[in-house]
Amino acid sequence: MRKTALALFLVVAAYGLSVMAQAPSTDAAPPVFANLNQLMRGVLYPAANVVFSAQADNPAEIKFIPGHDPNMSTDPLTSSFGGWQAVENAALALAESATLLTNASRHCSNGVAVPAKDPAWAAFVQEVRDASMKAYKAAQAKDQDKIVEISETLSTSCSGCHRKFRDRKAPENRCKPS
Ligand code: HEC
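For the sequence shown, the positions run 601 to 778 when our numbering is used.
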């Protein structure tokens, strides 16, 4: 009897240990699904365009398209969360997306890991974050002049990083640390 109880205890204890071993560590990097190019095309580019569009077209004057269900809109500006609210949301999406650029498990389209630890990379990421939060405030204030000013800063951050890490003569050198 006592032997069986001990054996059962050991089995339960071993199971417990194996569960603990499988539990994801809380400080592991979140999983990555897109390469950097895909992340740029899918997340940063469309969000930045919503912010940039507010320079020329006043979001307050955007009209729903007759016959189009705003709940099905592929353009955030004419969606149910449209107008200035779409600019607010796009700015927040951009600010959040900056953190996705710091995941060292992500690779660029050429297979090189993103240089997340490179100080220049980190500085461009922070610029995107700061400019996005300024754009969010300008959108909340419905201030188109401010959006014009901040769009300039934002696009300089995008193109600064592209110049340094993307637009290299040989594609295999993309994303290599500076
Ligand atoms: C921290 C650096 C960095 C920042 C900041 C950054 N990018 Fe990028 N971006 C890259 C790199 C590097 C690539 C190429 C990635 C690859 O080859 O996988 C790229 C690629 C792209 C592409 C794909 C181009 C193509 O030909 O497929 C788009 C679009 C893009 N970025 C838009 C943006 C926008 C818009 C912003 C600003 C809101 C931005 N990026 C900010 C580094 C950056």
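Positions of the beta carbon are idealized from the N, C-alpha and C atoms, including for glycine.
The structure displayed is predicted, hence computed values, not measured ones.
{"Item": "Rounded C-beta distance between Ser778 and Lys769? I'm assuming under 8 Å.", "Value": "About 15 Å separates the two Cβ atoms, so there is no contact after all."}
{"Item": "For the alpha helix (DSSP H) holding Gly682, just list the boundary residues, first then last.", "Value": "Per DSSP, Gly682 belongs to no alpha helix (DSSP H) and is neither H nor E."}
{"Item": "Looking at the secondary structure, which residues open and close the alpha helix (DSSP H) in which Phe652 lies?", "Value": "Tyr645 to Ala656"}
{"Item": "Can you check the segment 707–751 for any beta strand (DSSP E) of at least 3 residues that lies completely inside it and give the ranges in chain order?", "Value": "none"}
{"Item": "I'd like the list of long-range same chain contacts for Ile750, defined as Cβ closer than 7 Å, with 5 residues on each side in sequence excluded.", "Value": "Ala731, Lys734, Ala735 and Ala738"}
{"Item": "From what residue to what residue does the alpha helix (DSSP H) around Leu701 run?", "Value": "That residue, Leu701, is in no alpha helix (DSSP H); it is neither H nor E in DSSP."}
{"Item": "Could you check the C-alpha separation between Gly616 and Ala628 for me, to the nearest Å?", "Value": "Here Gly616 scores only 49 on pLDDT, less than 50, and its place in the model is too uncertain to base an answer on."}
{"Item": "Where does Gly760 fall in DSSP's three states?", "Value": "helix"}
{"Item": "Between Thr674 and Thr753, what straight-line distance do the alpha-carbon atoms span, to the nearest angstrom?", "Value": "27 Å"}
{"Item": "Counting only the same chain and skipping the five closest in sequence on each side, list residues whose C-beta sits under 7 Å from that of Ser679.", "Value": "Pro670, Ser673 and Ala686"}
{"Item": "I need the DSSP call for Gly616, collapsed to helix, strand or coil.", "Value": "At Gly616, the pLDDT of 49 sits below 50, so the modelled position is not reliable and the matter cannot be decided from this model."}
{"Item": "Taking 8 Å as the CB-CB limit, is Pro670 close to chain B?", "Value": "Within the model displayed, chain B is absent; a lone protein chain is all it includes."}
{"Item": "Do Leu636 and Ser709 count as a contact pair if the criterion is CB distance below 8 Å?", "Value": "yes"}
{"Item": "From Pro771 to Val712, what does the alpha carbon distance come to, in whole angstroms?", "Value": "10 Å"}
{"Item": "Just how far apart, CA to CA, sit Val714 and Arg706?", "Value": "6 Å"}
{"Item": "How about Arg768: is its Cβ closer than 7 Å to a heavy atom in the ligand HEC?", "Value": "no"}
{"Item": "Can you have a look at Cys761 and say buried or exposed, based on whether 16 or more other CB atoms are within 10 angstroms of its CB?", "Value": "buried"}
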